[in-house]
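Quick note, the sequences are listed as chains A and B, same order. With our numbering, the residue at position 433 of the first sequence is 433, and numbering never jumps. With our numbering, the residue at position 86 of the second sequence is 86, and numbering never jumps. Yeah, the Cβ is synthetic: ideal placement off N, Cα and C, and Gly gets one too. No experiment lies behind these values; they were computed from the predicted model shown.
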Amino acid sequence: MDSLGVLLVAPMNAYLEQELDRRCRLFRLWESPADRRDDYLRAHASSIRAVVPYAPQGVDAAMIDALPSLEIVSSFSVGIDRVDLDACRRRGVRVTNTPDVLTDDVADLAVGLAIAALRKIPQADRYVRAGKWKSKGDFTLTTRFSGKRVGILGLGRIGLAVAKRAEAFDCPISYHSRSEKPFPKYKFYPNVVDLAANCDVLVVACSLNPETRHIVNRKVIDALGPEGVLINIARGAHVDEPELISALLEKRLGGAGLDVFEDEPFAPEQLFELDNVVLVPHVGSDTEETCRAMADLVLQNLEAHALNQPLLTPFSGKRVGIIGLGRIGLAVAKRVEAFDCPVNYYQRTKQDHPGYTYYPSVVELAASSDVLVVACPLNEHTRHIVNREVMEALGPRGVLINIGRGPHVDEAAMVAALLDGRLGGAGLDVFEDEPNVPEALLGMDNVVLVPHVGSATHETRTAMADLVLGNLEAHVAGKPLLTQVV
Amino acid sequence: MAPPATQDGSSSKPIVLLADPLIPEFEQELAPSYRLLPAADADEAAAASARALLTVDLPAVTAAQIDALPALELVVASSAGVDHINLGACRRRGIAVTNAQNAFSADAADYAVGLLVAVLRRVAAADAYVRRGAWAAAAGDYPLASKVSGKRVGIVGLGSIGGLVARRLAAFGCVIAYNSRSPKASAPYKFYPSVRELAAESDVLVLSCALTEETRRMVGREVMEALGKGGVLVNVGRGGLVDEAELVRCLREGVLGGAGLDVYENEPEVPPELWGMDNVVLSDHRAVITPESIQGVVDVVKANLDAFFSGKPLVSQVQL
């Protein structure tokens, strides 16, 4: 990728910068003065084909407009809320992120912050360093972490990793998310205030979007209460920061451990004097090991793009979940990859496809996908594999595609979900009682219905006919059958 | 059960001598059943007849003190470790010693994990950095830290605290190994027969064993060199487990990567050389100081005294 012009928006990682410099044509945005950046972009507009942003500094529509040769945005971060995805889609710019690699780090820090905040570890450290142990005696009494009720906002990968760690401290786990997840030992609360009212430590671990902005508001903080502790390792904008500050100052909230803030790098100065908060400068994934892994992913994505190969961790497309990664499922995966859709799948056992994310249950798969494709064989295990619970997990913006067999889907439940708006849409080639199609579907404008024509092309039908003839000929000639089943 | 207090005063309550000052939680729980007398103030009759001695914090209980109490049969400690008591003298006299059993285990294990994360992820230093306004003023980011998940953690002493540390860190994806006097059949972790070998195969060494003649200064230069320049030492056991002067030297010379210390050889003295280091996290022997732990230990102490004075088996007798 020697000829690939890459714009790095800030000095985010020395190894990444060094490798980009070695392997591409690197443009360092920060080397031009802040008020001359537009000129800088204009001067190099025809060369810059890739931009590497990170969490604090993204890519906005103006930058995308200023770079007519831009092909790919490869973000050195998991969250891409500061990348204008709509503008990227409009321009056909591909987007990649660095999922998974930092899950452990962020979860480690979340639990570390909870212990540090409850046990006042940094405060004790300052106390000892100031020589006060000897002159003033023991530092203050603090409360136990083990056994505290931990509430998690968002039970995605990071939320689950936090839950796993907190469980080892005998903490009862509860959570809030858009839909209930298949973890019976964790208690689900359909609303955030109830979750906050029933936990001692509230961990914010959801993604930031218009629905979760300021999800931790005054009501939630008050429900958490004067003994409660808030841990935020997600994004500053999840929390109404002025409300958080006044709750801490007025002792309506017990404490906080914060890695993220609304206006980084400015943490609210009112918090600096409080001894019931622990403040760290957005270091959730800032470990040597993880930054190296993230940098390698950015480089590999850029390389794949330059070589016209499938991206490793595309984000621009919809997340496609495939039930059954057999021949058809794999062929679907290969095709959607070309649309930069991240591929997830469910199968009874995990397959050896490192580029695709495995989910051990269909509900989890549905919860992590925008489009769910049924591509498994029909048998007693897979009948109604897409049931009401799966469709709830897929959600009101999810789309179900069935190219398997009608009975894979609980058709009555699907019709009800579509009617209620609990499922976003469907594309159906097969039905439970063909050639009968549920009448309720006929009037809907968010479904596409075709009469079981999955393989009904001239070419395929001719190939199928040739195979039938070939098998008969082989049988008559006493030769091995071409496609023997029994 | 202890005999109930009678209305005609405290004389019918059994005497419990106090080796050090009471704290309110103990007084509230024990005063109704026992006559609590500071050992230093006890008159001759009380000293001659007292059968039980209680330590609240970690006062030294010397052979001379023990010899001065001819009727003594029981020393009740309020700590997990009983190294502050002259156990040889107790053994010779057939005096039973009880400890805090598991009352502190969860807090001690939590704190060990908290210190470990705080050192590797620089939590305390990062907090200080934000509070002094350095984040807002700085160009670029705070220096990278070291990952917790996946680290090899060696635990010295797989007792009730060490076992809980192991379980907690296993959930962080850490690889656990341990050293103790003998391998534990029930432990699913790799055993190393020496601390040096354990240190050589670990990124972090957590000390959670008792301080005895065998374990005193078990972590010397050789162990710290085996742990190495990326290695971290976490001590929630006793300061005496570590050669502290050598620890300071190893940290200064970069032989050892970092340390999380709640205990010291000569508390409350903390080597001033450590105060300026940002690869260490220090605290004031407070791992187990929570209301939950204090309530737990009060319950264990009372259960031991009640059992003793009613002739029942002790709840948490230490093998001498």
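- The CB of residue 286 of chain B comes closer than 7 Å to the CB of 124, 138 and 139 in chain A, given here in chain order.
- DSSP, reduced to helix, strand and coil, places residue 176 of chain B within a strand of the structure shown.
- Of all alpha-carbon atoms in B/93, B/94, B/73 and B/98, the one lying nearest the alpha-carbon of residue 83 of chain B is that of B/98.
- In the three-state reduction of the DSSP assignment, residue 34 of chain B falls in the coil class.
- Counted as a single uninterrupted DSSP element, the alpha helix (DSSP H) harbouring residue 123 of chain B occupies residues 123–131.
- A straight line joining the alpha-carbon of residue 176 of chain B with that of residue 163 of chain B spans about 10 Å.
- DSSP places residue 23 of chain B in no alpha helix (DSSP H); its state is neither H nor E.
- The beta-carbon separation of residue 151 of chain B and residue 174 of chain B, rounded to 5 Å, stays under the 8 Å limit for a contact.
- At least 8 Å separates the CB of residue 204 of chain A from every CB of chain B.
- Chain order gives the chain B residues near residue 288 of chain A as 144, 145, 146 and 147, where near means a beta carbon separation below 9 Å.
- A contact is defined here as three or more CB-CB pairs under 8 Å, and the segment 153–166 of chain A meets this definition with respect to the segment 104–118 of chain A.
- For residue 301 of chain A, the enclosing alpha helix (DSSP H) covers residues 288–306.
- Across the set B/313, B/316, B/320 and B/304, the C-alpha of B/304 shows the shortest separation from the C-alpha of residue 52 of chain B.
- Look at the segment 265–293 of chain A: the residues with a C-beta under 9 Å from a C-beta of chain B are 265, 266, 267, 269, 271, 272, 273, 277, 278, 279, 280, 281, 282, 283, 286, 287, 288, 289, 290 and 291.
- The C-beta of residue 197 of chain B comes no closer than 8 Å to any C-beta of chain A.
- Taken atom to atom, the span from the alpha-carbon of residue 377 of chain A to that of residue 456 of chain A is near 19 Å.
- With contacts defined by Cβ atoms closer than 8 Å, residue 253 of chain A and residue 228 of chain A form a contacting pair.
- When DSSP states are grouped into helix, strand and coil, residue 7 of chain A belongs to the strand group.
- Under the three-state reduction of DSSP output, residue 154 of chain B falls in the strand class.
- Residue 102 of chain B carries a coil assignment under DSSP once its states are collapsed to helix, strand and coil.
- Beyond the five residues adjoining it in sequence on each side, residue 37 of chain B comes within less than 7 Å, by CB distance, of 15, 17, 18 and 46 in the same chain, given in chain order.
- For residue 103 of chain A, the enclosing alpha helix (DSSP H) starts and ends at 103–119.
- In terms of beta-carbon proximity, residue 172 of chain B lines the interface with chain A, with at least one pair separated by less than 8 Å.
- Below the 7 Å Cβ cutoff, chain A contributes 281 as neighbours of residue 129 of chain B, in chain order.
- According to the DSSP assignment, residue 162 of chain A belongs to the alpha helix (DSSP H) that extends over 157–167.
- Sorting A/446, A/462, A/443 and A/437 by C-alpha distance to the C-alpha of residue 452 of chain A places A/437 at the top.
- As computed with DSSP, residue 266 of chain A is found in a beta bridge with A/263.
- Per DSSP, residue 151 of chain A is one residue of the beta strand (DSSP E) stretching across 150–153.
- For residue 159 of chain B, there is no enclosing beta strand (DSSP E), as DSSP marks it with neither H nor E.
- Within the same chain, Cβ atoms closer than 7 Å to the Cβ of residue 200 of chain B are found at 226, the five residues on either side in sequence being excluded.
- In the DSSP assignment, residue 247 of chain B falls within the alpha helix (DSSP H) that extends over 244–253.
- Beta-bridge annotation (DSSP): residue 190 of chain B is paired with B/177.
- For a Cβ distance threshold of 8 Å, residue set 270, 275, 282, 283 and 284 of chain B lies close to residue 128 of chain A, ordered along the chain.
- In the DSSP assignment, residue 224 of chain A falls outside any beta strand (DSSP E) and within the unbroken alpha helix (DSSP H) covering 218–224.
- Here residue 314 of chain A carries a strand assignment [DSSP, helix/strand/coil].
- Look at residue 240 of chain A here: in three-state DSSP terms it is coil, with no helix or strand label.
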